[in-house]
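Asks: The number in our numbering is simply the position in the sequence shown, starting from 1, with 38 added.
Before anything else, here's the structure in question.
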Amino acid sequence: MHHRVSAFLSSSCVLAGLLYGPAAFAQVQAEPAASDSAGLGEIVVTAQKRPSLAQKTPIAMSVLDEEAIQRNGISTVENLAGLAPGLAFSQSGAQTILTIRGVSSRDSTEIGDPAVALSIDGVYFQRALGLNATIFDLERIEVLRGPQGTLLGRNATGGALNIITAKPTDELGGYVMGEVGNYQTYNTAGAINLPVNDRLKLRAAFQTRDRDGFRNNAPARDGDDEHSKSARLSALLTPTERLSVLLTAEYTRLSGIGPVRYSVAPALNASGGADITQKPAINDDGETFPLTPGGYFHGNLYFMRWNVSYDLGFADLTYLGGYRDLKVERLAQQGGVYDTVRRNQAFDQREHPGTVNHELHLSSPQDGPLKWQIGTFYFREENDVSTKTVNYPGAVALTGPRDLLSEYTYPEVLSVSRAVFGQAGYKLTDTLEVEGGLRYSSDKKSRVGYNVVTNVPTYYATGATSYTRTAQDSRYSKGITTWHVGLNWQAAPRTLVYAKVDTGFKDGGFTDLAAYGPERITAYEIGTKSRFLGNSLQLNLSAYWYDYTDQQVSQIVLDGSGNSSVLVVNAGKARYKGIEADLNWLATPDDRLDAYVAYSDAQYTDFVAALNGTNVNMAGNRPPQAPVWSANFGYSHDFDLGAGTLRLRAQTHLESRSYLAFTNRPSERQGAYSRSDIILSYEPQGQGWSLEAYVRNLENENVLTLASATATAIGYQFSAPRTFGARARINF
């Protein structure tokens, strides 16, 4: 520990020189507070469960307000990942996997937990299915980098993604939007805000998204499509000056084919056997591969949430809660058409998770030298899961009689988390503040049901099935304490310097093969947030060092019956260290430049994995989706045409090579790439409407979002290819 802390402090000294320079410069350049209305605007965030200015919040974070969301055309998680620094997007089947600073969780089963905490309007949930259908009519998006174990609790080892929807306001008005694009894209969205009276305000919003699939899967319908309909109604009640009640109800319907997987035969080694370590040829860069017809994806989502706040005078009392009900039905081909035996093998999924959240916290006023908050949290998810691997022998589609190869039926899956937490900050001087926080979490999981399997190789060789049924009654429970200490120095009116140490954890659990323990992280970080040049140039710097213990690593293995299963093991130790620079410059009233550059050195330092019955030392390997270098660059210019403004924006995301699995095989490698966008918009003066045209992924780069290798096949999923289109918006 002494060695790690010393190394961290030594590297921190280098960054401290950079931090001190901006601080001194800011002291010289600081202007009176009255001039703060000029230049870059301020954004209010709730990253610490209380309102604060983003530039005065001691967290490495990216915040996109409503104007930035519209300016960049963010309507999907993939759009967001290409713009928000440090955030990466991938998929496993229909599940969305979020990664921050190379920290992620690849276990997307009903027991697995994410490593990036996801919440909408402060309500946490674990299943990111249907997330794109929720990204509409937003107030802002907050991406918090680094563990958030004290205030946000379990499963925030990588960071957090907070999506905040637009709230009812005092103004009568709204908008409608329509979009058309390639792949038969037809999207609509709109909202209306209705102030009924001084005590009641309403807001209704909707979104529809319809797009053909990105893949040519003939004779099947094209996969990676999108078809969703969403509606949201919010009511803000303020019966008294002290009491406010925000109620939100949301419904989403999903349909179509859904995500598809390209299964390809492994390359051959010198002796003619399968070599899953080498990357096989990918036909048409993954845009064209045949699938058997009959696959589908259906989902229904109901989401109700509430936020009740009461001003007690000496503190604010907030009760935050929600209920989310998700029902998913999915049939997806597993076998590749290269394999005439398994081409009709499919995965049949039925899942029905329901989650309940309750959080009660008390926060002191912002003024005064001492600010504090305490709270209690309760989360419960009940799930009914049934998954089957089936085969349709001799069929031309995934319909009709089928043979069961495996079945996993768990009607009682339970995950419960209870926690108490507190955090306080005290100003030692007018500019120096010390912080401390503590959280105790008590978690438990259980799963009751059964599985039925047959020997798959025997079935394909002879057509015979002989089933083995195994009852399941697995349980896990654990209590863990996490903490936070920090020192914040307001070195100048527009320069914050901070140093902190945070701990976090991700829940343990079990698979059909074995149990695994929780992973723990200790994170050391220093950073600065500064503004210069009359509030027009913003530069944020951070450096971090993560010590991981028992990091959960997920892999696909074959059991004795030839069925694939998920195995999660605890890697002994891992280390992450990196430096980030985030710049936003309003060079002129018409020119804006933003840039983000990150260097990351992440690797396992103590990890022995069992591969094909042999223990293999993985020390030195990089975690999934942890490139050494990543960067975002964007530039926009406004052209004054007299009657209106024409805005041209160009942006690009660059990454060095990375891997999609901890084994770091060439077959799981994503090479270095860039993805660039061009957005052209026009807004006439005083007319209340705007037009926009865009091209995304100008390079037409098909980036891997999944690489999964078994003894018989390698499966890939891809991000979106080049897309283009236009949208129109009318405000009223």
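We put the beta carbon where it would ideally sit given N, CA and C, even for glycine.
Would you call the region 213-228 in contact with the region 190-203, where contact means no fewer than 3 C-beta pairs closer than 8 Å?
Replies: No, because fewer than three Cβ pairs between the region 213-228 and the region 190-203 fall closer than 8 Å, the two stretches do not touch.
Asks: Can the beta-carbon of Ile153 be found less than 8 Å from the beta-carbon of Asp175?
Replies: Against the sequence shown, residue 153 aligns to sequence position 115. Against the sequence shown, residue 175 aligns to sequence position 137. Per the sequence shown, residue 153 should be read as Ala rather than Ile. Contact: no.
Asks: Check whether the Cβ atoms of Thr393 and Arg418 sit closer than 8 Å, and answer yes or no.
Replies: For the purposes of this step, residue 393 is identified with residue 355 of the sequence shown, where counting begins at 1. For the purposes of this step, residue 418 is identified with residue 380 of the sequence shown, where counting begins at 1. Yes. Within cutoff.
Asks: Using CA coordinates, which residue listed in Ala640, Leu199, Gly168, Arg765 is at the minimum distance from Thr84?
Replies: For the purposes of this step, residue 84 is taken as residue 46 along the sequence shown, with counting starting at 1. Cα-wise, what sits closest to Thr84 is Leu199.
Asks: What are the partner residues of Ala229, as DSSP defines its beta bridges?
Replies: As a position in the sequence shown, residue 229 is number 191, starting the count at 1. Paired residues: Tyr213, Ala243.
Asks: Applying the 10 Å Cβ sphere with the 16-neighbour rule, what's the burial state of Asn653?
Replies: Looking up residue 653 in the sequence shown gives position 615. Exposed, because fewer than 16 other Cβ atoms sit within 10 Å of the Cβ of Asn653.
Asks: Check whether the Cβ atoms of Arg485 and Val451 sit closer than 8 Å, and answer yes or no.
Replies: Along the sequence shown, one-based indexing puts residue 485 at 447. Along the sequence shown, one-based indexing puts residue 451 at 413. Cβ distance < 8 Å, so Arg485 and Val451 count as in contact.
Asks: Using a Cβ distance threshold of 8 Å, determine whether the region 511-528 contacts the region 122-141, with at least three qualifying pairs required.
Replies: Contact between the region 511-528 and the region 122-141 is absent, because fewer than three Cβ pairs lie under 8 Å.
Asks: By how many angstroms is the C-alpha of Thr437 removed from the C-alpha of Asn255?
Replies: By one-based count along the sequence shown, residue 255 stands at place 217. By one-based count along the sequence shown, residue 437 stands at place 399. If you take the alpha carbons of Asn255 and Thr437, they lie about 17 Å apart.
Asks: For Leu210, does the count of other Cβ atoms within 10 angstroms reach 16, so buried, or fall short, so exposed?
Replies: Taking the sequence shown and counting its residues from 1, the one referred to as residue 210 is at position 172. Result: exposed.
Asks: Tell me whether Tyr505 is buried or exposed, calling it buried when 16 or more other Cβ atoms sit within 10 Å of its Cβ.
Replies: In the sequence shown, residue 505 corresponds to position 467, counting from 1. Flag for Tyr505 reads exposed.
Asks: Select from Ile314, Asp363, Arg660 the residue whose C-alpha is nearest the C-alpha of Thr748.
Replies: What you label residue 748 is simply residue 710 of the sequence shown in a count that begins at 1. The shortest C-alpha separation from Thr748 is found at Ile314.
Asks: Residues in the same chain with beta-carbon distance under 7 Å from Pro96, minus the five sequence neighbours each way, listed in chain order, please.
Replies: Reading the sequence shown from its first residue, position 58 is the one you call residue 96. Closer than 7 Å at Cβ, skipping near neighbours: Gly524, Asn526, Leu534, Tyr536, Lys538.
Asks: Please report how far the alpha carbon of Arg362 lies from the alpha carbon of Val181, in whole angstroms.
Replies: To locate residue 362, count along the sequence shown from 1; it is residue 324. To locate residue 181, count along the sequence shown from 1; it is residue 143. Answer to the nearest angstrom: the Cα atoms are 22 Å apart.
Asks: From Tyr514, Phe459, Ala553, Asn429, pick the residue whose C-alpha is nearest to that of Thr492; which is it?
Replies: Walking along the sequence shown from the start, residue 492 turns up at place 454. Answer by Cα proximity: Asn429.
Asks: Please confirm whether Ile320 has its beta-carbon closer than 8 Å to some beta-carbon of chain B.
Replies: The structure shown contains no chain B, having only a single protein chain.
Asks: Identify the residues that DSSP records as bridge partners of Leu292: which are they?
Replies: Indexing the sequence shown from 1 puts residue 292 at position 254. Paired residue(s): Ser266, Gly337.
Asks: Might you give, ordered along the chain, the residues of its own chain that have their beta carbon closer than 6 Å to the beta carbon of Gly168, omitting 5 neighbours on each side?
Replies: Residue mapping note: residue 168 aligns to position 130 of the sequence shown, counting from 1. Once the five neighbours on either side are set aside, the close Cβ partners of Gly168 are Thr290, Leu292, Gly337, Leu339.
Asks: Can you tell me whether Asn235 is helix, strand or coil according to DSSP?
Replies: Against the sequence shown, residue 235 aligns to sequence position 197. Coil.
Asks: For the beta strand (DSSP E) that contains Leu744, what are its first and last residues?
Replies: Taking the first residue of the sequence shown as 1, we reach residue 744 at position 706. Note, Leu744: beta strand (DSSP E), 742-747.
Asks: Is it buried or exposed for Ser75, if we count other Cβ within 10 angstroms and need 16 for buried?
Replies: Here the question's residue 75 lines up with position 37 in the sequence shown. At Ser75 the pLDDT is 49, less than 50, meaning the model places this residue with poor confidence and gives no usable figure here.
Asks: Cutting at 8 Å between CB atoms, please list the residues of its own chain near Glu264, excluding the five before and the five after it.
Replies: The residue labelled residue 264 in the question sits at position 226 within the sequence shown. Here the set comprises Asn170, Arg247, Asp248, Arg249, Gly294.
Asks: From the DSSP output, in three-state form, read off Asp248 for me.
Replies: Translated into positions along the sequence shown, residue 248 becomes position 210. Three-state result, Asp248: strand.
Asks: Please say whether Ile559 and Gly542 have beta carbons closer to each other than 8 Å?
Replies: Taking the first residue of the sequence shown as 1, we reach residue 542 at position 504. Taking the first residue of the sequence shown as 1, we reach residue 559 at position 521. Yes, the pair counts as a contact, with Cβ atoms nearer than the cut-off.
Asks: Does the region 347-359 come close enough to the region 324-333 that 3 or more CB-CB pairs lie under 8 Å?
Replies: Taking 8 Å as the limit for Cβ pairs, the verdict is that the region 347-359 does not touch the region 324-333.
Asks: Is the beta carbon of Glu730 sitting closer than 8 Å to the one on Ile717?
Replies: Taking the sequence shown and counting its residues from 1, one reaches residue 730 at position 692. Taking the sequence shown and counting its residues from 1, one reaches residue 717 at position 679. The answer is yes: Cβ separation under 8 Å.
Asks: On the premise that His675 lies in contact with Asp632, defined as a C-beta separation below 8 Å, what is that separation, rounded to the nearest angstrom?
Replies: Working through the sequence shown from its first residue, we reach residue 632 at position 594. Working through the sequence shown from its first residue, we reach residue 675 at position 637. The pair is not a contact, with the Cβ atoms about 13 Å apart (cut-off 8 Å).
Asks: Rounded to whole angstroms, what is the Cα-Cα separation between Phe252 and Asn421?
Replies: Looking up residue 252 in the sequence shown gives position 214. Looking up residue 421 in the sequence shown gives position 383. Roughly 31 Å between the two C-alpha positions.
Asks: So the candidates are Asp323, Asp354, Gly672; which of them puts its Cα closest to the Cα of Leu621?
Replies: In the sequence shown, counting from the first residue as 1, residue 621 sits at position 583. That would be Gly672, whose Cα lies nearest to the Cα of Leu621.
Asks: Taking 6 Å as the limit between beta carbons, can you name the residues of its chain near Val458, skipping five residues before and five after?
Replies: To locate residue 458, count along the sequence shown from 1; it is residue 420. These residues qualify, in order along the chain: Thr414, Tyr478.
Asks: Using only CA atoms, which one of Ala664, Thr278, Phe244, Ala243 lies nearest to Thr137?
Replies: One-based indexing of the sequence shown puts residue 137 at position 99. Closest option to Thr137, Cα to Cα, is Ala664.
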